[in-house]
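Novice: Heads up: the sequence shown runs through residues 1 to 370, numbered per the numbering used here.
From the three backbone atoms N, C-alpha and C, an ideal C-beta is built for every residue, glycine too.
Just so we're clear, the structure is a prediction, and the values are computed from it rather than from any experiment.
Quick one: the structure is below, and I'll ask about it shortly.
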Amino acid sequence: MRRTLEANGYDVVEGETGAAGLRLAQSRPDVMVLDLNLPDMSGLAVCRAIRGGAATEGVPVVFLTASDDEKTIVSCLESGASDYVSKPFTPSVLTARVDAVVRTHKAEIARRRHTEELSAAYAALREARAEMVLQHRLTGLGVLAAGVAHEMNSPLAALIASLQFALREQGPEHEAALADALTAAQRIAELVKRMRAIAGSTDRNVRRIDLRARVEQICAAFESFPARVTIEGPALNVDAVDNEVREVLTALIENAVQATQATADPRVNVSLWQEGDGVIVVVDDNGPGIEDADLPFLFDPFFTRKRFWKTTGLGLAIAQAAARRHGGEITVDGRGPLGGARARLRLPVVADASAVGDARALLAELRSDR
Ligand SMILES: Nc1ncnc2c1ncn2[C@@H]1O[C@H](COP(=O)(O)OP(=O)(O)OP(=O)(O)O)[C@@H](O)[C@H]1O
Ligand SMILES: [Mg+2]
C-alpha cells in the first residue's frame, strides 16, 4: 500500500494502532486509509472519533475491509467514511478510490475557503456602504447647515437683540411672553451654531497643540458639574486644527460628565497616550452606559436620548466629522471599565493634510457659491 501510494505522489505516514491513527488525524492529512480491524480498537470507533473531533472532523477516511458484505459496508459509511476498498485489492483500485476521495476533499476545502472569502468581502462591502451613507449624510448636512446657518445668523442676531431690548423696556405685562420668545430664539441660535460646526471650523490652520493641556482646559470648563474628573497621561503634541480638537474633546467629555449626573459619586477619567503614529484619548465615566440597541445610531446627526435645553444630538456627529477630517476616528463602547460608557479618540500625531484640506475646499466652494 505504501509503495502504491508513494508511487502515485503521496507522502505516507503509518500508524500501528487505532490510538496512533487518532494522533495522526490531528495533523489533518488529506486522507486516512483505515483498517477495520485494529489491535486496540475497532476501525469504526476510530472513524467516529475522527468525525467527532473539532480538529479532525473534515479528514476523509477510506476503509480497508476484509469482506464486502452489505452490513460491513453500510456500517463503514455510517461511521462517517467517504469510501471503502475490499481486500484483496489491486493497486489501481486503491489509487483510484483514494484519488477520488482526496479530490472531493480538496474541492470541499477550496469551496469553504471561497465561501469564507465571499462572506468576508460581503461584510466589508456592507460596512463600506454604511460608511458611505453616513459620510454622504454628513457632507450633505454640512453643506446645508453651513448655508442655512449663514443665512439665519443675521436675522437671528437682530431678533435676539430686539427681544432683549423689548424685555428691558416693556412693562411687566408681556415679560413672560418676551422671555419665552428670547429663550426660543436663543435655542435656534445654538442649533445654528452647532449645525455650522459640522462643516468644520473656518480657521483651518494646522497648529501644534499640547493635547494634555487642552484636555485640562476643557475639563476645567465642566467644574460646575458634580463629577470628579481625573486626567492621566503625559504631555503630548499633535499637529491639528485647534478649534476642531477642542470641539471633539468637548463633545466626549461633555457626554461623560452629563451621563454621570444621576450617579452617586460621579466620576470621569480621561487618559491619553501615544500609540504608533497616533495619539489615543479615552474618556470613561461611571454613568449608566449605553444600550446595545443605541450603539449603531450614536454618530447619526440629531440622535439623542437627552432632554436638556441645549441638546441637539449633534455632539458626536460633529466630533466624528472633525476627527475624520484629521484622519482620525472616534469609537464608543456602551460599557467601559468604570461601569459607564467608554469613548475613544484616535488622532494622527500629524493631521492628514489632504483630509483637512478637503474640508477647506468644501468651505471655499460654499463661499464661492454664494
Ligand atoms: N458617556 C455616555 N454615556 C451614556 N450615553 C452616552 C454617552 N455618550 C453618548 N451617549 C449617548 O449618545 C447620544 C448621542 O450623543 P451626542 O453627543 O451625539 O448627542 P447629545 O449629547 O445627546 O447632544 P449634544 O451633544 O448636542 O448636547 C446621547 O444622547 C446619549 O444617549
Ligand atoms: Mg453630546
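Under the criterion of a Cβ to heavy atom distance below 7 Å, does residue 315 qualify as lining ligand 2?
Specialist: Working through the sequence shown from its first residue, we reach residue 315 at position 315. Because some heavy atom of ligand 2 lies under 7 Å away, the Cβ of residue 315 counts as near it: yes.
Novice: Okay, do the segment 289-297 and the segment 237-253 touch, 3+ Cβ pairs below 8 Å being the bar?
Specialist: Counting Cβ pairs under 8 Å, fewer than three are found: no touch.
Novice: Cα separation between residue 321 and residue 204?
Specialist: Indexing the sequence shown from 1 puts residue 321 at position 321. Indexing the sequence shown from 1 puts residue 204 at position 204. Answer to the nearest angstrom: the Cα atoms are 14 Å apart.
Novice: Just to confirm, is the Cβ distance from residue 156 to residue 189 under 8 Å?
Specialist: Reading the sequence shown from its first residue, position 156 is the one you call residue 156. Reading the sequence shown from its first residue, position 189 is the one you call residue 189. Yes. Within cutoff.
Novice: Which same chain residues, not among the five before or five after residue 269, have their C-beta less than 6 Å away from its C-beta?
Specialist: Here residue 269 refers to the residue found at position 269 when the sequence shown is read from its first residue. The answer, listed in chain order, is 230, 284.
Novice: Count the other CB atoms, across all protein chains shown, that sit within 10 Å of the CB of residue 370; report buried if there are 16 or more and exposed otherwise.
Specialist: Reading the sequence shown from its first residue, position 370 is the one you call residue 370. With a pLDDT of 40 at residue 370, under the threshold of 50, the modelled position of this residue cannot be trusted; read the value that follows with caution. Under this definition residue 370 is an exposed residue.
Novice: Among the residues of its own chain, which have a CB less than 8 Å from the CB of residue 14, if the five just before and after it don't count?
Specialist: For this step, residue 14 is matched to residue 14 along the sequence shown. Excluding positions up to five away in sequence, the list reads 2.
Novice: When you compare only the Cα positions, how much space is there between residue 73 and residue 331?
Specialist: As a first step, residue 73 must be located in the sequence shown, where it is residue number 73. As a first step, residue 331 must be located in the sequence shown, where it is residue number 331. Taking the straight line from one Cα to the other gives about 58 Å.
Novice: Which same chain residues end up closer than 6 Å to residue 208 when comparing Cβ atoms and leaving out the 5 residues on each side of it in sequence?
Specialist: Indexing the sequence shown from 1 puts residue 208 at position 208. 237, 239.
Novice: Strictly by DSSP, which residues pair up with residue 348?
Specialist: The count along the sequence shown starts at 1 and reaches residue 348 at position 348. Per DSSP, 278.
Novice: Using a Cβ-Cβ distance under 8 Å, would residue 222 count as near chain C?
Specialist: The structure shown has no chain C; it contains just one protein chain.
Novice: Kindly provide the ranges of any alpha helix (DSSP H) runs that are 4 or more residues long and lie completely inside the segment 208-280, ordered along the chain.
Specialist: List check, alpha helix (DSSP H) in window: 211-221, 242-259.
Novice: Hey, residue 198 and residue 317 are a contact pair by Cβ (cut 8 Å); roughly how many whole angstroms apart?
Specialist: For this step, residue 198 is matched to residue 198 along the sequence shown. For this step, residue 317 is matched to residue 317 along the sequence shown. Indeed, because the Cβ distance is near 7 Å, the residues count as touching under 8 Å.
Novice: In terms of alpha-carbon separation, which member of 194, 324, 279 lies closest to residue 315?
Specialist: In the sequence shown, the residue the question calls residue 315 occupies position 315. Closest option to residue 315, Cα to Cα, is 194.
Novice: Look at the alpha carbon of residue 219 and the alpha carbon of residue 279, and state the distance between them as a whole number of angstroms.
Specialist: Counted from its first residue, the sequence shown places residue 219 at position 219. Counted from its first residue, the sequence shown places residue 279 at position 279. Answer to the nearest angstrom: the Cα atoms are 18 Å apart.
Novice: How should residue 95 be labelled, buried or exposed, when 16 other C-beta atoms within 10 angstroms of its C-beta is the threshold for buried?
Specialist: For this step, residue 95 is matched to residue 95 along the sequence shown. Flag for residue 95 reads buried.
Novice: Flag this pair as touching only if the segment 79-88 and the segment 55-71 have three or more C-beta atom pairs under 8 Å; answer yes or no.
Specialist: Yes: the two stretches touch, three or more of their Cβ pairs being nearer than 8 Å.
Novice: Taking Cβ to Cβ, would you say residue 12 is nearer than 8 Å to residue 22?
Specialist: Here residue 12 refers to the residue found at position 12 of the sequence shown. Here residue 22 refers to the residue found at position 22 of the sequence shown. Not a contact, by the Cβ cut-off of 8 Å.
Novice: Going by beta carbon distance, what residues of the same chain come within less than 6 Å of residue 250, once the five residues before and after it are set aside?
Specialist: Start at 1 with the first residue of the sequence shown, and residue 250 comes out as number 250. The answer, listed in chain order, is 218.
Novice: Roughly how many angstroms lie between the CA atoms of residue 183 and residue 343, to the nearest whole one?
Specialist: Along the sequence shown, read from residue 1 onward, the residue named residue 183 stands at position 183. Along the sequence shown, read from residue 1 onward, the residue named residue 343 stands at position 343. The alpha-carbon atoms of residue 183 and residue 343 are separated by roughly 32 Å.
Novice: Taking residue 24 as the reference, give the member of 49, 8, 9 with the closest Cα.
Specialist: Taking the sequence shown and counting its residues from 1, one reaches residue 24 at position 24. Nearest of 49, 8, 9 to residue 24, Cα basis: 49.
Novice: Report the residue ranges of all alpha helix (DSSP H) runs contained in full by the segment 78-107; include only those spanning at least 4 residues, in chain order.
Specialist: Runs found: none.
Novice: Any contact between the segment 75-82 and the segment 36-51? By contact I mean 3 or more CB pairs, one from each, below 8 Å.
Specialist: At 8 Å Cβ cutoff, the stretches touch.
Novice: Can you find a heavy atom of ligand 1 that lies under 7 Å from the Cβ of residue 263?
Specialist: Here residue 263 refers to the residue found at position 263 when the sequence shown is read from its first residue. No - ligand 1 has no heavy atom lying nearer than 7 Å to the Cβ of residue 263.
Novice: Please report the distance separating the alpha-carbon of residue 40 from that of residue 18.
Specialist: Reading the sequence shown from its first residue, position 40 is the one you call residue 40. Reading the sequence shown from its first residue, position 18 is the one you call residue 18. Those two C-alpha atoms are separated by around 6 Å.
Novice: In this structure, how does DSSP classify residue 165 when only helix, strand and coil are distinguished?
Specialist: What you label residue 165 is simply residue 165 of the sequence shown in a count that begins at 1. In the structure shown, residue 165 sits in a helix (DSSP, three-state: H, G or I).
Novice: Quick test of your reading: residue 93 and residue 62, contact by CB under 8 Å. State the CB separation rounded to the nearest angstrom.
Specialist: Translated into the one-based positions of the sequence shown, residue 93 becomes position 93. Translated into the one-based positions of the sequence shown, residue 62 becomes position 62. Not a contact, Cβ separation roughly 11 Å.
Novice: Which one of 16, 27, 29 has the shortest CA to CA distance from residue 35?
Specialist: Counting from 1 along the sequence shown, the entry for residue 35 is found at position 35. It is 16 whose Cα lies nearest to the Cα of residue 35.
Novice: Have a look at residue 115 and residue 293 and give me their C-alpha separation to the nearest angstrom.
Specialist: The residue given as residue 115 occupies position 115 in the sequence shown. The residue given as residue 293 occupies position 293 in the sequence shown. Approximately 29 Å between the Cα atoms of the pair.
Novice: Which value, in whole angstroms, describes the spacing of the CA atoms of residue 99 and residue 59?
Specialist: Translated into positions along the sequence shown, residue 99 becomes position 99. Translated into positions along the sequence shown, residue 59 becomes position 59. One C-alpha to the other measures close to 14 Å.
Novice: Among 261, 91, 310, 192, which residue has its Cα nearest to the Cα of residue 154?
Specialist: Counted from its first residue, the sequence shown places residue 154 at position 154. Checking every option, the nearest Cα to that of residue 154 belongs to 192.
Novice: Helix, strand or coil: how does DSSP classify residue 8 here?
Specialist: Taking the sequence shown and counting its residues from 1, the one referred to as residue 8 is at position 8. It is coil, neither helix nor strand.
Novice: Just confirm the distance between the C-beta atoms of residue 235 and residue 212, as a whole number of angstroms; I'd bet it's less than 8 Å.
Specialist: One-based indexing of the sequence shown puts residue 235 at position 235. One-based indexing of the sequence shown puts residue 212 at position 212. That belief holds up - the Cβ atoms of residue 235 and residue 212 are roughly 5 Å apart, short of 8 Å.
Novice: With residue 336 and residue 288 assumed to form a contact (beta carbons below 8 Å), what rounded beta-carbon distance in angstroms separates them?
Specialist: Locating residue 336 in the sequence shown gives position 336, counting from the first residue. Locating residue 288 in the sequence shown gives position 288, counting from the first residue. With 8 Å as the limit, residue 336 and residue 288 do not qualify as a contact, their Cβ atoms being about 12 Å apart.
Novice: Nearest by alpha-carbon distance to residue 186: which of 201, 126, 310, 262 is it?
Specialist: Counting from one through the sequence shown, the residue named residue 186 turns up at place 186. Per the Cα distances, 310.
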